[in-house]
Amino acid sequence: MSKLAILGGNPVIPEPLALYRRIGEEEVAAVVDVVRNGELSGFVGAPVKEFDGGARVRALEAAWRSKFGVGHAVSVNSATSGLYAAVAAAGAGLGDEVIVPPYTMSATALAPAVCGATPVFADIEDTYFCIDPESVHRSLTSRTKAIIAVNLFGHPAQLHDLRALADEHGLILIEDNAQGPLASEDGTYAGTIGHIGVFSLNRHKHIQTGEGGICITDDERLALRLRLIRNHGENLIEHYGDNSLSDIVGFNYRLTELSAAVGLCQLEKADVLVAERERYAKRLSHALTGIDGFTPPACRAGCRHAYYAWPAKVNAAVLGVSRDVIARAISAEGVPVNQGYIRPLYLLPYFQQGRAPGGRSYPKGLNPVCERMYEQEELGFGICSFDLSEQLIDRVAEAFLKVLEGRDELRRLEAAA
């Protein structure tokens, strides 16, 4: 075995990994066409046809409905906006509770708070990192209004079980599917099992428009509420003659025609782009299977994992060296890795300082599985972040193996520190 790069040896991958670029000439031509047309946004905040946006926004929504087999698709300018709109569409507000996972991007947990509802954190699964239905069940109260399940890293949560739980208790299940386009559970697309699914078109997702998102639902009333929240809908309540919509406060969550044009091109490529990431992730996992103390990401039976990220787990006690030293050694070999993903969201100052609605306390130790993943076990590679090939993914695997096989040297390094 060659000398570890962290100890002065040559790295397996000497040049920085190139960023993943998936914008082609089709997107360029589509954007140029919009610019030449001159209508960069087609929205009007009034009860006219343009309330639902311009031609390309409507075309993107139609294509999304067709792709995912749903009744309604509502584009937004980000998945964050989509989450806020989804929670508001569910009717969650002051005095209500929304159950959320702590292991996700902050917007998932802040969406209820923005609506005046209290975020309630349920722990995650040990193996798949998604919200644990048993912890959700224990978190239910008479004030629970909705559940947000995140299909984290591209792996579906236990969506059918969560939908059954939501239906049993008269709740709305929202899927934060920002990381899981084309992921599935038992042959059904993630994002379509909940009452509302929220997709991301952010620049570092499988498919992207720079910024953007899509909310989908089969519920006509939820779709109307989403559209009103997206586009200054408080001005249209009288038009619909429905006083039950008077709780709506609309925003400018509208997607531009430029972004929609890019989104249409990207959606056409989605099958190829997601399958490519899936293939690379499986190849990396296969190369790193069977190492004591190191566990590649798992995929539950019947599920398709979209692999927005490649989250492995390390057992420092078995490996005999800390996760931190392992991560630094792999990064020195030319493979950037992260440790722990995201700190449990309830440990953010916003929650620790009692600023969330409801006056709830969020002590450390609240979700022990999540805290263990963050503090000790998760070690991730951003498989959607870099321009990869089968040859390069084999080099990535070589870097991991070099470090894991050089644990004796790392132990001596750590002991000397």
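Residue numbers for the sequence shown follow numbering that gives the first Met the number 0, beginning at 0 and rising by one. In this text, a Cβ means the ideal position worked out from N, Cα and C, and glycines have one as well. Since the model is a prediction, treat every value here as computed from it, not as a measurement.
Contact check, Val-395 vs Leu-283, beta carbons under 8 Å: Indexing the sequence shown from 1 puts residue 395 at position 396. Indexing the sequence shown from 1 puts residue 283 at position 284. Contact: yes.
Exposed unless 16 or more other CB atoms sit within 10 angstroms - verdict on Ala-415: In the sequence shown, residue 415 corresponds to position 416, counting from 1. Ala-415 comes out exposed.
Ser-467, enclosing alpha helix (DSSP H) - first and last residue: This structure cannot speak to residue 467, because the chain is shown only from 0 to 416.
Lys-2 classed as buried or exposed, judged by whether at least 16 other C-beta atoms fall within 10 angstroms: Taking the first residue of the sequence shown as position 1, residue 2 is located at position 3. Lys-2 is exposed by the Cβ-count criterion.
Whole-Å CB distance - Ile-173 paired with His-194, under 8 Å assumed: If you number the sequence shown from 1, residue 173 lands on position 174. If you number the sequence shown from 1, residue 194 lands on position 195. Sure, about 7 Å apart at Cβ, within 8 Å.
Opening and closing residue of the beta strand (DSSP E) in which Pro-118 lies: Position 119 of the sequence shown holds residue 118. Pro-118 -> beta strand (DSSP E) spans 117-120.
Leu-409 beta carbon less than 8 Å from that of Ala-326: To locate residue 326, count along the sequence shown from 1; it is residue 327. To locate residue 409, count along the sequence shown from 1; it is residue 410. No. Outside cutoff.
Endpoints, the alpha helix (DSSP H) within which Ala-269 is located: Here residue 269 corresponds to residue number 270 of the sequence shown, with the count starting at 1. Looking at the DSSP string, the run of the alpha helix (DSSP H) that includes Ala-269 is 256-286.
Check whether Ser-422 and Ala-148 have beta carbons under 8 Å apart: Limits of the chain in this structure are 0 at one end and 416 at the other, which puts residue 422 out of reach.
Sequence ranges, beta strand (DSSP E) only - wholly within the region 161-198, length at least 3: 171-175
At least 3 beta-carbon pairs within less than 8 Å: the region 16-31 vs the region 385-392: yes
DSSP bridge partner residues for Trp-309 (one or two, in chain order): Indexing the sequence shown from 1 puts residue 309 at position 310. In the DSSP output, where bridge partners are listed per residue, Trp-309 has Phe-380.
Residue-level contact to chain B via CB, Tyr-127, 8 Å cutoff: Absence of chain B from the displayed structure is noted, only one protein chain being present.
Inter-residue CB distance, Phe-67 and Tyr-252 (contact presumed, cutoff 8 Å): Position 68 of the sequence shown, counting from 1, holds the residue named residue 67. Position 253 of the sequence shown, counting from 1, holds the residue named residue 252. So it is not a contact: roughly 20 Å between Cβ atoms.
Exposure label - Thr-288; buried when at least 16 CB within 10 Å: On the sequence shown, position 289 is the one that residue 288 refers to. Thr-288 is exposed by the Cβ-count criterion.
At least 3 beta-carbon pairs within less than 8 Å: the region 264-273 vs the region 87-95: no
Residue span of the alpha helix (DSSP H) that contains Glu-413, given as start and end: Position 414 of the sequence shown holds residue 413. Its alpha helix (DSSP H) spans residues 406-415.
Three-state secondary structure assigned by DSSP to Glu-24: Position 25 of the sequence shown holds residue 24. Correct three-state label for Glu-24: helix.
Limits of the alpha helix (DSSP H) - the one that Glu-437 falls within: Only positions 0 to 416 of the chain appear in the structure, and residue 437 is not among them; the question remains open.
C-alpha distance - Ala-311 paired with Arg-322, whole-angstrom precision: Numbered from its first residue, the sequence shown carries residue 311 at position 312. Numbered from its first residue, the sequence shown carries residue 322 at position 323. For Ala-311 and Arg-322, the distance between alpha carbons rounds to 11 Å.
When Leu-139, Val-334 and Ile-98 are compared against Leu-344, the one with the closest alpha-carbon: The residue you call residue 344 lines up with position 345 of the sequence shown. Leu-344 has its Cα closest to that of Ile-98, out of Leu-139, Val-334 and Ile-98.
For Gly-232, three-class secondary structure by DSSP: Against the sequence shown, residue 232 aligns to sequence position 233. Three-state result, Gly-232: helix.
Closest residue to Ser-199 among Gly-81, Ile-192 and Leu-244 (Cα-Cα distance): On the sequence shown, residue 199 is found 200 positions in, with the first residue counted as 1. Minimum Cα distance to Ser-199 is reached at Gly-81.
Residues near Gly-179 by beta carbon distance below 6 Å, same chain, minus five either side: Here residue 179 is taken as the residue at index 180 of the sequence shown, counted from 1. Excluding positions up to five away in sequence, the list reads Asn-150, Gly-153, Ala-189 and Ala-305.
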